[in-house]
Every structure is written in C-alpha cells, then in structure tokens.
Amino acid sequence: MRNLTFLAGFIVLLFSFPTQAQRINSNTFGAIEARQIGPAVMSGRIAALDAVNTDDRIIYIGAASGGVWKSTNRGLSFDPIFDDYIMSIGAIAIDQNHPDTVWVGTGEPWPRNSTSVGMGVYKTTDGGESWKFMGLENSERIARIIVHPEDPNTVYVAALGTLWAPNSVRGVYKTNDGGRSWMKVLYVDENTGAADISIDPNNPDIMYAGMWDFRRKAWTFRSGGSGSGLFKSIDGGNSWTKLSGNGLPDEEFGRIAVSASPVVEGRVYALIEAKEEGGLYRSDDSGATWEKMNSTSTVKERPFYFSNIYADPLDSNTVYKPSFNINVSKDAGETFTLTFAAGGVAGGGNIHVDHHAFYVSPEDNQRLYLGTDGGLYVSNDGGATWQFSRDLPISQFYHVNVDNQTPYWVYGGLQDNGSWAAPNVSPGGIENKDWVNLGGGDGFNVFTAPDDPNIVFWQSQGGNVRRSFRDTRESKDIKPFKEENTDELRFNWNTPILFSPDGERLYVGAQYVYISEDMGDSWTRISDDLTTNNPEKQKQYESGGITIDNSTAENNTTIFDISESPFDQDIIWVGTDDGNIQVTRNGGRKWAEVSKNIANYPVDGWVSSVTASKFSKSRAYVTVDAHRVGNMGVFVYKTENFGKDWTLITDVNIEGYAHKLIEDVENEHLLFLGTEFGLYVSFDQGAHWVRFKGNLPKVSVRDLVIHPAEDDLVIGTHGRGIMIIDDISPLRGISAELLQQDVAFLQMKPFLISGPFGFEQTFSGDGEFSGNNPSQTAEITYYLKRRHIFGDMFLEIYDEDGNFLKKLPAGKRKGINRVSFNIRKDPPKVPRSNTLTFGALFGPAYPPGTYTVKLVKGDEVFESEITLQFDPDSRHTEEDRKIRLEAVNRAYDILGELGFVDGQVVHVMDQIDDMLEDSTLDASVTSNLEKFHASLDEIHKELVATQTGGITGEEKLRERISNIYGSIVNYQGRPTATQVSALELLNTEVLSNKSEVERLFESDNFAKVIQQSLAEAGKKPIELLSREEFFEED
Amino acid sequence: MKRIHTISILFLMLSIFTMQAFAQDESLEEILETHFEVVGQENLAEVNAIKQTGTVMTQGLSIPMTMMIKRPNMMRINANIGGAEAVFMAYDGTNGWAVQPWTGSIDPIDLPEDQLRDAMQQSDIDGPLFNYQEKGHTVELEGVEEVEGTETYKLKVTLKGGNVLYYYIDTEAYVPIKMTSKTMVQGQEFEQEQFFSNYKMVEGFAVAHSIETKVMGNTAMQITVNEIVVNPEIEDAYFKKPGTNN
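Sequence lines, in order, name chains A and B. The first sequence: position 37 = 384 (my numbering), numbered continuously. The second sequence: position 177 = 204 (my numbering), numbered continuously.
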C-alpha cells in the first residue's frame, strides 16, 4: 500500500509539474473552422499560370490574391496547394525538364488599386506537396520567373519591387545554385523594377528584360519614367545593355513586355508603352534592329494591366496579345484580330475580359490557357471557343452582407465581377448554380431592404448605387447628384452605402454624407465636405503616367465608411480615404474631426473602417490602412469618449494592414479584425490578438458580419470568396480562467430539429465547385487543455429521465472540440436479408427536450446539457408533429416486431441447416427436420425479399413496411392518411405471420416429434430465440 | 480486467514522462525505440492473431464491424450494413477480396489494386514501422510538425511497393496520433487522414480504440473499438475468398 501511495503521489507530481498558464492562441479555436461557400461561378483574377509542356493536363495557376492551385485534368478541377503561404501570386515557372519542380514568385505584377502584396520566391520539388522559401522577401512583386532550359539550378527572377514606395529589392535576379543565393544582375534605381524577362530558347545566353519605372499612390498612378527601358544580355544574364535607337522609339518608355520566339532564331517581340511611338516592335536579328509592327489600341491598351506578349511555340508568325480581350496575329505582329474571330467560328468569345496570364501548349498549339479577371478559360481550337473552369473559388470580395431569410442568404460585391448572392446552405452543398447575379461592373456593397429580400441595393465602381427588384431585375439609379451649394460629388471606387442599424435610414458617402428615408428616392445631405479636400489628391484625370487611366480607381478625398451608433441615430461616425475621422453627436449639425487626437497617426492613411460600438455609446473602433504610401503597419484604434482619446489596440500577432473591425453581438470583449493577411480575434477588447487559422489561409479579409440569429461569422475575403465560421457562440465563453481547466463545456445553443435538408438530382460532372453546408446535427462543444491520447474518452447522451440513449466518439484535439450528436435513434431492427432496405437506414429523431451529455475521460465524468427543440418558425404545427411522431414510432415498432418474428424463424432454420450436415442422424429425423425447415422457409419468404441479383423488384413485408417507415420519418410534418392506414394493414399481416410462427413452435410436431427425436438421438435440442436476445444483439 | 488496464495506462504514461527529458533532437532510431517501448511492441510480437470488434460511424449510420488479423499476413473486415453482411476487405496473404451487398450481389469480388495494397498493409500485425528495413520499407524523419496544435515527429514511410504514408508521433506520448496516406480511387487521388486516440494496453501492447478518418479534411468515418480478443481461434480458411480452394 505504501509503495502504491508513493507511486500515486509521484504521478500526481509529474502531471502537475508541466502545467503552465494556458494562453489563448490559434490552437484554442480547435474544431471551430471556416467553410468556404464559393463562389467559383465567376472566379477571380488570375495573375500567372504555367503548364507542363510534355503533359499539359497539369496546370498551375497563381491567383492575384487567392494562392496557387493545381489541376491535373486540364483545368476541370483544381486543388489549392499553397495555403500556408502568401496569397498574392505574381509568377509561376515549371522546370520543364523536371516538372515536379515549380517556382512561385509572390506578389502580383498587375498593380491595380486593389492589388495585394507578396513576400518573395518559393520552390517545390514534389509537385506542390511541400514548399521551400527561396528568398527575395522584400521584393513585394515578382513579374516573371525563367528556369534555364538546360540548367535547372540557373533561374532568373524579374522582381518588380514595391508599388507604393521606393525600394532596392527589384530588378533581375539570377541564381546558379537553385535559389540558395541570388545575384542582382540588372538594377536601375529604387523606382524601377523588372516587368518582364524572356530568354531566347535557341540561344539561352541571350536574354531580354523590360524595366519599368512606376509608382502608385491612393490618389494617382504613374507608369513610365527615366528608369524604364529595354535591356539585353548576351552572357546568360550576367551583364545587360540598354537598347536604344535602331528603330526603337526615341522617348520615355513605360511598361515593356518581351517575348523571344522559340521558332524563329533571332526573332523577338517587345511591347513598348510610350506616348508617341508606343506599340508592338519586332526584331529579327536578336534585338540589333527593330521595326514597329502595330500601334493600334489593341496592343496599346492599359499597359500597367495588360503588358503581355506571347510568341507561339510552334508557329513562326503567330503571336498572342492578351489584353481587354485575347488577340492573335498570324503575320508576326502586323495585324491582330480577336482569337474567336480569327478562325471564322461564330459564337465564341463569351469570356471574361481583362487577360493577364496565358499559355500555349507546345504539344498542340491550338490548346490555350487564359487567366483573366474572372478566372481560367481553356480553348482547344486556338481561341475560337473557350471553356470556363468552374472549380476556382478565388473570388475577390470587397464587402459582405446577410439577410434574415431562412436559410439566410449571403450578399457580396466583387472586384470586376459584379454583385452576387447565395444561400448559406443548399441541398448537397453550395454550388455554382446556387449563386445569383444581382449587378454588374465592379461590385461592392450589396444588400436587401431590411424587410423585403426582393428589393436589392447594389453598386458599381465610383458610387453608382442602384436599387433593383430581384424578381424582374428592373433597376433604378439612386445615386445622389451635385446640388447648387455643393461641389461636384466625389465618390470612392468603393463607395459606402448602408442601412442604419434599425433599417430606417439609408446612408451614402461622397465627400458629404447623405441620408435617405425612402430607400434612395430622395437624399438629404447632413454634412459639409468631411475630407481634407486636398486638390493635390483630386487629379485622377491626370493619373496613369504615359497612358492616362482614369477609371475612378484613383478617386480620393472621399468618404470610405459610415457607422451610425446603435444607441442613438444622431451619433454617426465617418472615415475618409484621406485619413479623416469625423463624428457627429447631433445628426450631422456639427462634425468633429478626431483623428488629430491620435498620437503618431500614420501620414496619408486611409480610414478603412469605422465601427460605432454596440455596447457603449461613446465607444468606437477605427482601422487605418497606410499601405498606399508604403507603410505596412497595423493601425487599429479604440476610443471610449467620442474620439477625444484613442488607444492603439494592436499587438505583434497581427500581420497585414487592417481592413475591418467588428464587435461580437453579445460579448463586448470579443472582437474580430480582418487584415490583408487573414482574420484575427481578440478576447479582451484588443489587448491581445490571435490569428484564426482554421481552414482560413492568410487571405485578405475585407469585410465581416455576424448573422444575428445564427451567430455565424460571415467573412468577405478578397481572393477566397465567402468563408463562414458557423456558430461562434462558444467563443463568447473563452476566458483565461476557462483555459486553465482540463475540460470545460462551452455554450451550446438549442438545436432545431429538422428533417434531411432535401435532395437535389444533379449530375453536373466533376468540375463544379461545391461548398460545404453547415453541420446538420446537434453539436456538443467543449474545450480540452491538451490532446487526449491514452485511455477512454467518449460521450454519452441521456434523456430527461436519465435513460441512456447513445454513446458517441469524443473529439480529442487540443482547444475547442465540436462533436456531432446525430439526434436519430438507432435504425429499426429490420429482418436480415441480402438486400439493403433504404427506407429503414435511419432511426427517428429524439423528441424535443433537454438531454444530459456526459463526457467520460478516463476515470472522470463531466456533465452538461443540450436542448433539442422544434423550429418555432416551422411550417409544421405541433399537432402535425405529434401525429408524425406517433406514426414513426408505430412503424418503428412494427418493423422491430417483424424483425423479431423473422429472427426466430431464421435462428431455427440456421440450426436445422447445421444439423442436416450431421450424417449420424436417422433418415426419419432428417426428414422431419427438412419438412419443418420448409414450413419455416415458407413464412420467411413472406416476411423478407429473398431473391438476389440486380433489380429484383421483390417486395415483401420487410420492404413494404420499411418504405412506409422511410416516407414518414423523412418528412417533418403530418404523414398522409394512406401511409397510416397502409401501415396498419401491413401490421395485420405481421401479426398473422407471428401467430403462424408461434403455432409452429407450440405445435406437437415441434415439441414431440422434432425435439424429442433429437433428444433420443442424443443431440442438442433446437433453441428458440427470446425477445431479449433478439433486441440486444447487434 | 478494467483495473488491469487502468494500471497499465498509468505505467505507460509514467514511462512517457520519464522519457520526456530526451525528447529534443532525437534521431529516427531513438524515436522508434521509445515508441516501440511505449506501445509494448515486444509483447505484440508474441501475438499470433487479433480480433477487434467495434462500430463504424459514417454518414449518420452506425455499422457493427469486426476486424481480424492473423500472422503472417492475413486480414478480414466484416460489417453489417442495413441488415446485410458485408466483407469490406479481406486478404489471405495472396489474394484480396470483398463482399459488397449494396451492389446487389453477395458474390465475393476481387479487390481492386489500390484496396489490395491497403489490405496488404493492414495485414501486417506489427505495423510498417517495426522492422521496416527487413520489410523493404524506408522511414525518414521529416522533422517536428504540429497536428491540431499538438507537436509531433513527422515520419515519412515509403512502403515496399512505393506507397507513401506519413506517421505523426506525439513528441511527448510517443504514439502516432495521425497517419496520412494517399489513395487512388478510380484514377482520382484522395488524401486520407487517420487520427488515433483512446490508446489502451491490451495484454501488454497499446491499441488505439478510437480512429477518426478524414478525407479532404472532412470526417468520413469514426471507428470505435469495443472489444479486443488476443489470439482468437481462427482458421486460415476464414481469410480465403469463398469458393476458392487455394
């Protein structure tokens, strides 16, 4: 005893020793994970792609802000393969001699206003299973990577460098050792990056590079400058010469794309942005002399976005120009036509505009892959017709909203892909066909009228706000206009429009705040200009540099966010894109600019969100994003006194410039923050933050909303569509104290009993994205301090009377666990057969009530409760449900009884079968056994379908009753009258068979003839199956 | 019986905690040695056959299941689904077969190649890590990786036939908490993750009594082992495809 006590004490010591204070971290969330509901129906911007030349079924695509995806079936379906890393991709290059080696350059090279940022170069040598970081971390954007055609260790990187500020990690880099070390072989200055490089496949010592002098700011963009130039190397990229004269334009260059022909030795194309003589140039003597081939707008449009040119890998005179649309020249650049017009095929070309990434298969140059602002397209006929890849959910949302329908719908607007909506749950999952288009252009805020989902508000870029009828699609422009006493209105690219918390007032922000109480039919201006009104930031008509580009993307000195206090409609917060934070406490009569009260406020910051608190009248949160002047810091502020004082509430765990902060709807300490690199959660009102990682990569989180009834956090990402974290209510119970417990149950909302979510018969092939539905079972939620590994751990469910119902496998991970509690009883015990009874696969649901949950972990038992209830909004009345429940139980019992009757019969038949193998039995005994077996078998065949093979169509009592049971149990409402009456009729048949079986077993024949003769022969008598034995056995 | 188990677990855990001091920078050999000690591999080596009965929960169904393994390399998994008796997979050391009543036929069929490989792998009572060199497998230590927040040693196991498995061995407990494999189903590759827990000592060796299988990140099935019989009486014929003599 003493020894044992000592041992026990020692064990306690061991277990208590390593215990340390548990901190909330990313693992705390455990099984609370996001699900993506798409959409892939419109997809998103693809910045780069490559395919394996010798097996072009294998395609890698790089999304502008959605990671790297791989297809092995020519674009039919895709898998993400880069989710642990940065989401913005600029270049992909396969080592074509070792196709499992793939280089990825991060940071997209198409630097529009909404572009993300990258972090260097990665490499895989196993086809994307694992990745290694290869350096150039501060390059921000990689435009092109080239693997030397003969030496896999020699790789060239065109680093574009930072967009928003000068830096020196840009130019052409070369490695000779597979990326272990890099040499900067071409550098101009800290404003000029490498926009393109090309290697002459016939002579890899010859290379061309387009260097680009460029800069973007929130309010302007410049393409071109003294740094831009076309360069050539003749020593494998070790040294470079700037090309000039000899046919090239004699002026300042902008962006340049280059492409050396793999077919014609010495032929190279250069697409040069220049004011006077810009266009497509060609050299047939390796860049010694140049000739201008084409200067139409087809080749010149939007160089910052479309500077791309591709020489065909097989045909000497074919060259492609992806642009607004995809054009091809068959005469080496002299003339271009749309690819879908070139072949004379009518009807082609229903593809998204804005083309950035392109691949021509050298195995079959009619096979083209095209990456656009709206996903990937594949052509098998040289671009005449195109097939859309429907499995790339890389959609780029700016905003997200939800409505109050059941199930609720999610609304959002996307970069270059309009406004869309989808239900958050759909039979079989949320598929492309579930998404409904509600508006065009670039989409931003989209939502319904608070009390009418048929009325939809949406907008396109630059403040074009509209109100539509969803059913007829009739749409009304409701944008406010300049009045006599105002300036021309300035609207942001992404103009704020929203309803007040009570749904009574509609807000729109230009540089003034407007309110409408009639859904946009009339507007009242409630402010003066709330921006800095800085004229230097209002020159978007000059924006673009060499090629003017004024698409409203550079509109500045505008209002970017508005938030009305849920406490008082006269308290309104406004944030502007030029850094102002304005608050009024009297409905707009007087505004106070309060950003000036923030210490070390970032210069030229952009107020990306303002949030009036739900919990305190004087509290508000503000996020500020200063990345557009190269400041990548995280700025999140809180005020408790209407902006008089501010606290910076960030910590080192947050990465990425901040986009949006929201409060939980119940717990004022619980905050959610979306940044350029993911979702962050604070449990202490901003003192500490942790990244939420569950199925959510470091994608740009632009907008967040909590569905008030479902407690779902709906996330609008810019690159990975809509993510939903279902039921965040358990997070409200997380505290430092709770984390000290080994096991702790968390809040479990009552589960609403519903039927199967319906069925849909579609066979749309294997290329359709499908997002997961939320869990459709009750969920038991608890926290575990550490992973459970040794000994028992399981859950038990008991009803209100303490009766044991079922045992469930437990979740054992560290952090929060969610265990599905299938609220159905075991299926009815149908008679055994060679065929399945689909009707009786599932048991009926437990009735509403409060159930006890016992979590058994080793010797310890933890208890909690979970409530099941009918949906109060259900179509089915209490009375309907009562009748259904009675019928279900009746059918369940009848099936059980049938199972027992047949079980008795089969039990005896099996024994007789064994006995008949016994050769020592007298012929008379054998004969009696056979006869008895035959009479039992006759009954068995009435009870159960016994034919085998194929679709027999045979239906006996087992099948008939199971079908009716299935019909009743799978509908939540009242069963049909004929179902109930048919059931009773079948029951009389069960009963008559039952009495026939009883008669046989009680007959003199059985007792005297069979059992007695067996006893006389010294054999065991036949045993009968008891009711208890039947219902207990598995 | 239960008491014995509890005490075994305590000893098991005790041995783990005393070994914790050496957990850093361990070589593959050291990790495996500790792992074998913790799971009682020696005792398992004495065992000729194991019968496990339990339940498979999948898609809302609860399916009773029996798994039998016998040396040198035989296995069979039986299940009762919808009132029909199925053989999920069986392997007699040479041939693999199954009975799939949901297809409308109860005639045994030969296992397709991918499943045959699975069956072969499962017929190794000791698991692929034990004596891996003799079996022609290779095992590499790929480093330390977190599994759902728990630190593990990641072992890459390349089976003799070329199939690759990854074992994730808890750096404190020295038992696998996860194993991943890729299976080809009709030309499509699927990643399958198995999570092991509820380890209990049975006659001196550790058996995970709970196995959760996830496919593409979603839980596909959960196996709970209710009973284990060591060295049950079982004929070799039980593993052979019915209707064949060899």
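Cβ atoms here follow ideal geometry from the backbone N, Cα and C, with glycine treated the same way.
Between which residues of its own chain and residue i is the CB-CB distance below 7 Å, once the five residues before and five after are set aside?
i	result
Val646 of chain A	Leu618, Gly626, Leu627, Lys668, Phe683
His1280 of chain A	Met1256, Ile1259
Phe838 of chain A	Gly809, Gly810, Ala857, Asn902, Thr905
Gln734 of chain A	Tyr724, Val725
Thr130 of chain B	none
Thr246 of chain B	Glu239
When you compare the CB of residue i with every CB in chain B, is at least one pair closer than 8 Å?
i	result
Asn1181 of chain A	yes
Asn1169 of chain A	yes
Val494 of chain A	no
Phe1378 of chain A	no
Gly1138 of chain A	yes
Thr1184 of chain A	yes
Asn374 of chain A	yes
Pro1055 of chain A	no
Val1177 of chain A	yes
Val1214 of chain A	The question names Val, but residue 1214 of chain A in the sequence shown is Thr. Output row for Thr1214 of chain A: interface = no.
Thr453 of chain A	no
Thr1293 of chain A	no
Pop quiz: residue i and residue j are said to be a contact at Cβ under 8 Å. What is the actual Cβ separation, rounded to whole angstroms?
i	j	result
Met94 of chain B	Ile108 of chain B	Going by Cβ atoms, the distance from Met94 of chain B to Ile108 of chain B rounds to 15 Å, so no, they are not a contact pair.
Val749 of chain A	Arg421 of chain A	So it is not a contact: roughly 37 Å between Cβ atoms.
Ala635 of chain A	Glu599 of chain A	22 Å between Cβ atoms; not a contact.
Asp1218 of chain A	Ser1101 of chain A	6 Å
His703 of chain A	Ile393 of chain A	6 Å
Near residue i, what residues of its chain come up, given a Cβ to Cβ distance below 8 Å and the 5 sequence neighbours on each side ignored?
i	result
Asp1139 of chain A	Val1203, Lys1204, Gly1205
Glu169 of chain B	Lys181, Leu182, Lys183, Tyr193
List the residues of chain A whose Cβ lies closer than 9 Å to the Cβ of residue i, in chain order.
i	result
Val171 of chain B	None at all; the shortest Cβ gap to chain A is about 15 Å.
Within 8 Å of any Cβ in chain A, is that where the Cβ of residue i sits?
i	result
Asp197 of chain B	yes
Pro128 of chain B	yes
Thr185 of chain B	no
Asn122 of chain B	no
Ile36 of chain B	Summary for Ile36 of chain B: the model assigns pLDDT 45, below 50, so the residue's position carries little reliability; its value from the coordinates is reported in the next sentence. Cβ-Cβ to chain A under 8 Å: yes for Ile36 of chain B.
Ala264 of chain B	no
Val202 of chain B	yes
Met84 of chain B	yes
Ile133 of chain B	yes
Ala111 of chain B	yes
Interface residues of chain A around residue i at Cβ under 7 Å?
i	result
Thr251 of chain B	Pro1156
Tyr226 of chain B	Ile1136, Phe1137
Ala117 of chain B	The premise fails here: Ala117 of chain B is roughly 18 Å from chain A at the closest Cβ pair, so nothing lies under 7 Å.
Ser237 of chain B	Pro1156
Leaving out the 5 sequence neighbours to the left and right, which residues in its chain are closer than 6 Å to residue i when beta-carbon positions are compared?
i	result
Gly856 of chain A	Pro843, Ile906, Ile909
Gln752 of chain A	Pro800
Glu484 of chain A	Met466, Gly467
Thr539 of chain A	Met558, Asp560, Gly574
Ile1081 of chain A	Phe1030
Ser773 of chain A	Asp781
Name, please, each residue of chain B whose Cβ falls closer than 7 Å to the Cβ of residue i.
i	result
Phe1189 of chain A	Gly87
Gly1162 of chain A	Gly176
Lys1159 of chain A	Ser224
Thr1128 of chain A	Residues of chain B passing the Cβ test: none, with the nearest at roughly 16 Å.
For a contact defined as C-beta to C-beta under 8 Å, what are the partners of residue i on chain B?
i	result
Asp1173 of chain A	Ser89
Which residues in chain B have a C-beta closer than 9 Å to the C-beta of residue i? List them in chain order.
i	result
Thr1064 of chain A	Simply none; closest approach about 18 Å.
Could you tell me which uninterrupted alpha helix (DSSP H) segments, each at least 4 residues in length, are contained entirely in the stretch 1002 to 1068 of chain A, listed from first to last along the chain?
none
My parser needs the beta strand (DSSP E) runs of 3 or more residues fully inside the stretch 407 to 488 of chain A; what are they?
415 to 418, 436 to 441, 449 to 453, 468 to 471
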